[in-house]
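Chains as they are written, first to last, in our numbering: chain A, 1 to 369; chain B, 370 to 738; chain C, 739 to 1107; chain D, 1108 to 1476. Glycine included, every Cβ here is placed at the ideal spot set by N, Cα and C. Here the structure comes first, spelled out in structure tokens, and everything after it is commentary.
Here it is, written out as structure tokens:
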């Protein structure tokens, strides 16, 4: 739809640059009457915020979110919710060189070509800081989902960090116990050593993230351009540095035969469908089936690295680039809460398309409050 | 973003079921003055149409496209272009069983759950026949691109069929010379044998398609939710049976280091950027750089197969399903022209966002025609 | 909103020119399970179709509507409904002059300036024929409203024809008994004489139409740019030749004091609000209150007249224009069913925004049909 | 489109309540490279801000606007521009009664019915304070228009205040010299006396505002649902308290004959069209012709008055309402700069649709800055 907005009934518009005074988002279309306060949003932002350990950028941001509108007496009113996060630890002087020289693999050359005039400080709008606003919006979506689809639960985790995949049995309880949100204590240990090495070498690496939604009601999504998977693909691909998106079997579906791909169906004790497998990732024909919705996406390695790369300047001179400043060696780590947030926003949007934004008249004269 | 519409300034709305009287699309936002006739659209539809060889469904459809509006004296007027394709070879009796029993891996159970009431004949709206309308719309987009971005060229081809990848050197001249649009004569031979085997066994397989756009002007796409790759991901994921989408390096970007991923830049003889590699797939920060735009997507295997699979009925009974009727053993083959069409539509839409739908006043009193 | 589409969840895209092979619309977002057939739509089209009496254009069009998709076994499926009306009585030769000379007050000069290349036959897309597609779409909306908001009833009528206003007491039973849809037998007689005079003189006149919706549930519409009155204003102003739109008191609200404008509220026997007046036209703050929704709009006189007017040619020459061909002396007459149709579409769209497109899961395994 | 957003390429999303901490808007789609600072926006806000004379609410707000994003080194970057205005003079205790009792003619009953839960302080989101955000957005649009359509000039003024119309010759130089933006010193004097009387009596009155845009390029607007007048009608009707919108001749077009309505055309010295009159209001077939674009709208009287009116309470009791607090006796006065702002936004949006958001690639390697 518009360039800085996503969603159709639950619509999020983000704004703000990495080194401007603030960033945030307008959340439009949240149903009325949902319990919401700053603390419940802060919980999600704290998961994404930088500087929490040696594996993320050392920029120190509190990422404190303020609700400026749309909430009254602790509940949403149905009007737009403005969420603002002030930037406090910008160090713009670090970026002087970037104004003139383009980093290979970074958006700065594309922004320059398109706009001529850009905010180069910290990547401006192409910075990972933009995703803080998504996480805040995702917090609103989660609050609404908690009320409207009580059994729904969204979990994101890393399944690959650079050369190393998640291996061995998955232990979901581990996710919150390591800096990589990986469901395996052993893998976390292996990755820590690997990333320490990369960080010291001034290098970086990519990542693969999986986000699973359990308890999704069947019937979300619509043929043909409002498919649930279409919107999930767009949502994940819109996260900066993402280069691929998969639903269920994903790219590997190309390798399967029809027999192997068929998720066989039997009846459960309640007379409702039970599936023997989930190659579909919970979505058939663009519509949720009631199985877990499974999305994976790949984040490319941070392009701001200490290893010199050949590049050019804005004025048309060949040069070499080494990027100092504070950067995540694996920006994919912080993409985990972002992927969860996007999943929440897309699911709520589709739920509202089916059930409506208020469900009908909500205030009746003479009724008990 | 309505459910059967895609695009923002170049907007396509498709309609029609597999076994209804007709299907088609409304193309809204095509610039005025573009040369267009039915023959130039038919050329693209003929590439996609079924029944051309033993590797696609034996349903015989001429897929003859009619232009019902928006074109006058051989040129577009800027008003909506209605394209209609009549269905002529429906055999609805083949689908009697499907009304009651759901095919594992097929959209029919999801449609039933969502809508209660569905057109089960030939999959209704979830059928691959819907993609004929996309190819017609893509033909309009190509005509406009030919006028507005003369050097732009879009090529699609298969890079995997089930167990077998495209191997050996790529020979683009081969693409139109084999039924699989694969750029390798040897691979085509190997795939023919493989698919013959699958077809005889009543099986099916998935496919991977790559679509490349050369000559894309830099500056297409916009941060943050109108990224060129976001819209390409949505466009490809909206094609039926697609389960994954990749831009450039795609999912493999997760495995790379920052040094490996950096597409180093030097200056060409014209003083403009030359890239040493194209991990980015021609897009940085959601914006085209002038490199080739490279998209890949995976199509799952056809779910209508002759091998029996466990399933259930609408009335709540366990059963086994064997799907007769006429089906593509590898529906991904015909997805090649569909992927090209989606690429054309997305690129034109973004070109118009930057340059406008008319470029300013076009008719001046007293001017030569 | 795209250029030939209106609505957010219930979306209508119209296409077709006055003298092309056909015209029609795609109706996207109609809820599933609604009873619909061609006869029920034809009923509304027959009210608008030309050539029914001496007061409308003598072009003879059956305006027979065909449903090409989205309906199966007499009920909507939730997928897009394509409605097509073939043009049968075009006489393009009548319009030879118009290609070169612009009619004062007509869209042809504006189309030429914008597009350079236009379909001048019968006004192309600016013709009143486009409104046939709206009436067809309105028929779908009415069918859905009949199911979802049973007490809702929409009635349009003329309140002014040129120099003559509707006068005397209103008798709603008269609306269908005269060619002007005016709720007064005496006024109808007076208008007939007036219009006969204008027609013979080769002149034309404007009209004012009022559309009232009774039984509208409270709570439709949303602040601030999705107000019910905002969408009604846009819907009515988008009808060709409309120059003004009023809600309730309309432009006359400027003349009132706060006391006079206040619709005083008491309680009805059911404990719900009863209003002493309806200056608001049933809408406060953009949201329906449960009172009748009242919209009025003005249609300018037909610009194709036999009286010579000063004008210019495309090649830049001054001239005089006299328009022959077949035209409505008061095109506003046929705008009555069009206004009703737009009201139906807007109300349904807002109802769906509040209650959703399906209301939740509709097909349950094992349930009775 | 979405509920708190308007525009298609130049998109404005407003947020904020009358008595929350702040209000503002996100302006998305402003072209890059436009000179913009807070002072240039403040100029427009100062025209609308309350408390400037005895004819507007005595609430004292500085309405100081802050630019939080999208501008770098004094020029727009093409990314979203966040504008924030802090509320400083809320007196929420004034509104205690309103929480329980509904004001006849006010949105509070409709909000309650729709949402159940609302921010009743100062009308929440239905307050005229929301329009401050529109004026800020309009300031951005004006800055862009100044660069892209240099001769374009927008002027708004009052043409009626309650019982009294603007009379006598129009003297545009007077507009900025009286508190009513009326182009006549004598009328201003008459209105001052009239409004003093109303204010003392605890009453209020409606108003009619006209907004004229000179120098609008021909070709803006598009058939059929993206007409320039359609979008203007929606824009004006979305302003709170507006009940009618007219283009050119407006509702009076219903009274005209075809001859009277025809704006005859001759050729000017430059060979381009010259019109003898402007019944069309500068728009034919939804497209600008190059004549002045003329829009009028009516604002109903303020519903918060000191005269007692019959009403009901939320809990279902009949009562009488007298509204104390600080209110505009004629809220239409402050609608003048709001109408201008909406005109600017709509015109820019349509200009961008035709010419594009960047006009093509803007940053070229090696070019002079």
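- Short of 8 Å from the beta carbon of residue 361/A, and not among the five residues preceding or following it, lies no beta carbon of its own chain.
- Around the CB of residue 650/B, 16 or more other CB atoms lie within 10 Å, so the residue is classed as buried.
- Inter-segment contact for the region 1383-1403 of chain D and the region 1314-1323 of chain D is present: three or more beta-carbon pairs are separated by less than 8 Å.
- Among the residues of the region 97-129 of chain A, those with a Cβ less than 7 Å away from any Cβ of chain B are 102, 104, 105, 106, 107, 109, 110, 111, 113, 114, 125 and 126, in the order of the chain.
- Residue pairing from DSSP places residue 441/B in a beta bridge opposite 444/B.
- Bounds of the beta strand (DSSP E) holding residue 1268/D are 1260-1268.
- Put simply, the backbone Cα of residue 337/A is about 11 Å away from that of residue 344/A.
- Looking at 1118/D, 1355/D and 1145/D, the one whose alpha-carbon comes closest to that of residue 1133/D is 1118/D.
- Spatial neighbours of residue 170/A in its own chain (CB-CB distance under 7 Å, excluding positions within 5 residues in sequence) are listed in chain order as 183 and 184.
- A direct Cα-Cα distance of roughly 36 Å separates residue 646/B from residue 502/B.
- By a beta-carbon distance limit of 8 Å, residue 9/A contacts residue 29/A. Their separation comes to about 5 Å.
- As DSSP reads the structure, residue 1122/D sits in a beta bridge with 1131/D.
- Of all C-beta pairs linking the region 1164-1184 of chain D to the region 1261-1275 of chain D, fewer than three are shorter than 8 Å, placing the two stretches out of contact.
- Contacts between residue 1267/D and chain C, judged by CB atoms closer than 8 Å, involve 992 and 993 in chain order.
- Cβ neighbours of residue 334/A within its own chain (closer than 8 Å, five residues either side excluded): 48, 50, 56, 128, 131 and 328.
- When C-alpha distances from residue 624/B are compared across 172/A, 159/A and 250/A, the shortest belongs to 159/A.
- For the C-beta of residue 441/B, the chain C residues within less than 9 Å are, from N- to C-terminus, 755, 758, 855, 856, 857, 858, 859 and 862.
- Annotation: residue 1375/D to residue 1325/D spans about 15 Å, alpha carbon to alpha carbon.
- If you keep only unbroken beta strand (DSSP E) runs of at least 3 residues inside the region 197-266 of chain A, you get 207-214 and 242-247.
- For residue 683/B, the C-beta contacts it makes with chain C under 7 Å involve 1103, in order along the chain.
- In this structure, residue 1312/D lies away from residue 1004/C, with their beta-carbon atoms at least 8 Å apart.
- Scanning its chain for C-beta atoms nearer than 7 Å, with the 5 sequence neighbours on each side dropped, one finds around residue 688/B the residues 470, 680, 681 and 682, in chain order.
- DSSP, reduced to helix, strand and coil, places residue 182/A outside both helices and strands of the structure shown, so it counts as coil.
- Residue burial is scored here from C-beta neighbours: residue 745/C has at least 16 other C-beta atoms within 10 angstroms and is therefore classed as buried.
- Distance between residue 967/C and residue 822/C, taken at the CA atoms: about 30 Å.
- Annotation: the continuous beta strand (DSSP E) that includes residue 822/C extends over 819-824.
- Short of 6 Å from the beta carbon of residue 1124/D, and not among the five residues preceding or following it, lie these beta carbons of its own chain, in chain order: 1226, 1231 and 1232.
- Look at residue 1219/D here: in three-state DSSP terms it is helix.
- Taking all protein chains shown into account, residue 172/A has fewer than 16 neighbouring C-beta atoms within 10 Å of its C-beta and is therefore exposed.
- Within the same chain, 1137, 1138, 1141 and 1455 come within 7 Å of residue 1251/D by CB-CB distance, once the 5 residues on both sides are set aside.
- Within chain C, the C-beta atoms nearer than 8 Å to that of residue 353/A come from 747, 1094 and 1095, in chain order.
- According to the DSSP assignment, residue 676/B belongs to no alpha helix (DSSP H), since it is labelled neither H nor E.
- Nearest to residue 690/B by alpha-carbon distance, out of 324/A, 259/A, 41/A and 103/A, is 259/A.
- Nearest to residue 1121/D by alpha-carbon distance, out of 1359/D, 1188/D and 1181/D, is 1188/D.
- Counting along the chain, residue 1056/C sits inside the beta strand (DSSP E) bounded by residues 1056-1059.
- Rounded to whole angstroms, residue 1466/D and residue 844/C show a C-alpha spacing of 31 Å.
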